[in-house]
Amino acid sequence: MTRGNDTIFDPPERADQPRKGLSRRAVLKSSAFFATLGLGLTGRPLVGFASSERHGLSVFGELKYVPDFAHFDYINPAAPKGGKIALGPVSWNYNQNPQTFNTLNGFVLRGDAPPMIELLFDTLMVRAYDEPDAVYCHLARSVALAPNGSRMTFTLRPEARFHDGTPVTADDVVFSYRILKEKGHPVLQAVLKDIDRVEIEDGTIVFHLAKNHARQGVLDAASIVPIFAKAQYDDKTFGASSLKPPVGSGPYRVASVNPGSSLTLERDPAYWAAKLPTAVGHYNFGTIEIVFTRDQTVLFEAFKKGDITYFEDFSSTSWATRYDFPAIKDRRVQRLEIPDHTPSGAQGWFFNTRRAKFADKRTRQAIALAFDFEWSNKQLFHGLYQRTASFFERSAMKAEGLPTGAELALLERYRATLDPDVFKDAYSPPTSDGSGKDRALLRKAFELLKEAGWTKSDKGLTNAAGDVLSIELLANSPLFERIVTPWAANLERLGIPLTFRLVDPSQYQSRIDSFDFDMVGQRYSMSQNMAPSLANFLGSEAAHMTGSLNLAGFANKAVDDLITTGLAAKTRDEMNDAGRAIDRIWRAGHYWVPNWNKPVHTIGVWSGFGRPEEDRLYDFQPAIWWWKEASDS
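Under numbering that gives the first Met the number 0, the sequence shown has 109 at position 110, and the numbering climbs by one with no breaks.
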């Protein structure tokens, strides 16, 4: 569920902005911008299969691709290699930062790493983007499942090589899993919870699985975790910040580093996996230049001049008003609106309920009612967006109406401990009159504040404990302020001062990791499947885990159990029922002020790019684009 990733909410109106963290691709959905990543796994744990070698695995249903498949259907196998793509950092995860970087170690909590550092590394298996939950062998030649579901055994491809020409060995794989389980970023540690230990047996790599492991969890562990060269690290160097280019086995390697300003990656012409079916048609650009700046206007000006050639525009105002420069008029630059068929993700302003002033849900609901989306969409967003209501917006796990059937049966187990509102229509933000200060909604908000015990005093709104109700909204981009200002004006009408607190990227990340904020805006990008990383967003244990993605401090035993139930589901319907029950509980508690989303990717590109015609994928993947005039071998 790819701080992505993925959000570093920059700019504020981005509808599909990835946040650091996993679930772009397999978990949040994983986060590598250019990464690629049968048989159904029925039941939980992984049981029902003999230990025969297999080429791929899926959570539900049969695999689309047979063992000897040539390439994924959605790519262009004849895509030319070479050319250059220059862009701003559009996706990230873990400790990666879209505005600056001071380390190339992107898999630990320390430091700010650049996005796309994953391109230096391979994984045992990779995803197919035209299937919702399938992974295929990549570094691994095959995988076998123990009949009793206790272990997975991987056989490596003997031809696999690191950039320095040394072979990728079982020792490297075991080292990578062990060191990340012990010292990796908390999000990666959460991914690895379903793996008790990793060992070498007769030259193969064996995952000993946790007793109650989740099927999606072990597939995530196989398809997300990067494989490092053991010889490059020791216990001290792995967790340290360093600008020394790491040695990986992936399709790209570091060409040049300008700390905080730019990172250039070059395609490895001797990439060992280039002809594998999981890599054919991918990684086509010869050079990837990532440009960093805290000012999106500077980035856009670079795009207008052609210094940046790919610009995913997350600003509705920019998309509606700024594309009138000469290169647009003479058709050297195109505006693309590519349909987005993936879940839109959970974007909103999250309350930090660890702070007593936000403990009462009526307080949180009142604050949310002061945000007039309809006015903002018309006046600020040019009508580009639609309102988000669900944590699982645009997916089958979004709760609708009253709970019924299997979903209701799940909730009934916890009725005595749940808010009665959970059993009503799933909460959605009301539609305002679009005036910017809907009196009916503000009246309702004021009544909720009174019910929550807030009264007017010379200090402002105070409660019986003497707490003063005020909000500091933490941000790392000034572009966010214009969205907040009209909301702040409505809150002022209620007697609640809101301060927009802009801090530098490093301080921002530090405060996010330590939960030192009142409210913060983020987006979590979700996949079609429930993954173990959902516990990192909504699990009770993560509520007090430094660096976790549970910004709200949300802790609910029923949700913990429902995550376990969803991960154990034998069918997609069972998983969706558990997801809808979780969504219903979250929304009834008003733990966020939900934002907005849009059903398209809005992208400006300089002419010369080619891309496949197939857009109906389970993830948006410029990884499979190419430069038409490229001529590399």
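Even glycine gets a Cβ: it sits at the ideal position worked out from N, Cα and C.
| Check | Outcome |
| --- | --- |
| Straight-line CA distance for Leu-616 to Ile-623? | 12 Å |
| Kindly indicate which residue of Pro-244, Val-172, Thr-236 has the alpha-carbon position closest to the one of Ile-226. | Val-172 |
| Would you mind sorting Arg-586 into buried or exposed? The rule is 16 or more other CB atoms within 10 Å of its CB. | buried |
| So, is Gln-378 buried or exposed, given that buried needs 16 or more other C-beta atoms within 10 angstroms? | exposed |
| Any idea if Glu-130 is buried or exposed, counting beta-carbon neighbours within 10 angstroms, 16 or more meaning buried? | buried |
| Give the C-beta separation of Gly-105 and Ser-240 to the nearest angstrom, bearing in mind that I take them to be a contact with Cβ-Cβ under 8 Å. | Between Ser-240 and Gly-105 the Cβ distance is about 11 Å, and since that is not below 8 Å, they are no contact. |
| How would you write the range of the beta strand (DSSP E) that Gln-346 sits in, first residue to last? | 345-350 |
| How is Lys-328 classed by DSSP in three states: helix, strand or coil? | helix |
| In its own chain, which residues sit with a C-beta less than 8 Å from the C-beta of Tyr-232, not counting the 5 before and 5 after it? | Phe-174, Ile-178 |
| Comparing alpha-carbon positions, which option in Ser-315, Ala-209, Gly-452, Ala-369 lies nearest Ala-358? | Gly-452 |
| Can you check which of these residues, Tyr-73, Asp-67, Phe-59, Ser-51, is closest to Asp-614 by C-alpha distance? | Tyr-73 |
| At the level of alpha carbons, what is the spacing between Phe-372 and Gln-295? | 23 Å |
| Where do the ends of the beta strand (DSSP E) carrying Glu-288 lie? | 286-290 |
| What is the DSSP secondary structure of Ser-389, counted as helix, strand or coil? | coil |
| Just the Cα atoms here: how many angstroms apart are Lys-328 and Leu-86? | 21 Å |
| Out of Asn-528, Phe-100, Tyr-64, Gly-247, state which residue places its alpha-carbon closest to the alpha-carbon of Ala-230. | Gly-247 |
| Return helix, strand or coil for Ala-622, following the three-state DSSP convention. | helix |
| Closer than 8 Å is the cut-off here; do at least three beta carbon pairs connect the segment 565-572 with the segment 344-351? | no |
| Are the CB atoms of Trp-626 and Gly-607 within a distance shorter than 8 Å? | yes |
| Can you say whether Asp-306 is buried or exposed, counting buried as having 16 or more other CB atoms within 10 angstroms of its CB? | exposed |
| Measure the alpha-carbon distance for Ser-633 versus Asp-582 and round it to whole angstroms. | Not covered by the structure: residue 633. The range shown for the chain is 0 to 632. |
| Compare the C-alpha of Leu-548 against each of Leu-561, Ile-584, Phe-445, Ser-509 and name the closest. | Ser-509 |
| In whole angstroms, what separates the C-alpha of Val-186 from that of Gly-552? | 16 Å |
| Run the CB neighbour count on Ser-255, radius 10 Å, all protein chains shown included, and call it buried at 16 or more, exposed below. | exposed |
| Quick one: what's got a C-beta closer than 6 Å to Thr-461's C-beta in the same chain, skipping five residues either side? | Val-467 |
| Determine the closest residue to Gly-578 out of Ala-405, Phe-299, Gln-364, Leu-191, with distance taken between C-alpha atoms. | Ala-405 |
| Kindly list the residues whose CB is nearer than 6 Å to the CB of Lys-356, restricted to its own chain and excluding five residues on each side of it in sequence; keep chain order. | Asp-466, Leu-468 |
| Tell me whether Val-592 sits in a helix, a strand or coil according to DSSP, three-state version. | strand |
| Under the rule that 16 or more other beta-carbon atoms within 10 Å means buried, what is Asn-489, buried or exposed? | buried |
| Evaluate the contact criterion for the segment 595-604 versus the segment 417-425: three or more CB pairs, one atom per stretch, below 8 Å. | no |
| Measuring alpha carbon to alpha carbon, tell me which of Ser-505, Ala-487, Pro-504 ends up nearest Leu-696. | Summary: the structure shown does not reach residue 696, with the chain confined to residues 0 through 632, and so no result is reported for it. |
| Below 8 Å between beta carbons: does that hold for Leu-103 and Pro-244? | yes |
| Which runs of the beta strand (DSSP E) spanning at least 3 residues fall entirely within the segment 50-137, listed in chain order? | 55-57, 83-86, 124-126, 133-136 |
| Buried or exposed, going by whether 16 or more other CB atoms sit within 10 Å of the CB of Leu-242? | exposed |
| Assign Thr-236 to buried or exposed, taking buried as 16 or more other Cβ atoms, counted over all protein chains shown, within 10 Å of its Cβ. | exposed |
| So, are the CB atoms of Ala-221 and Pro-531 less than 8 Å apart? | no |
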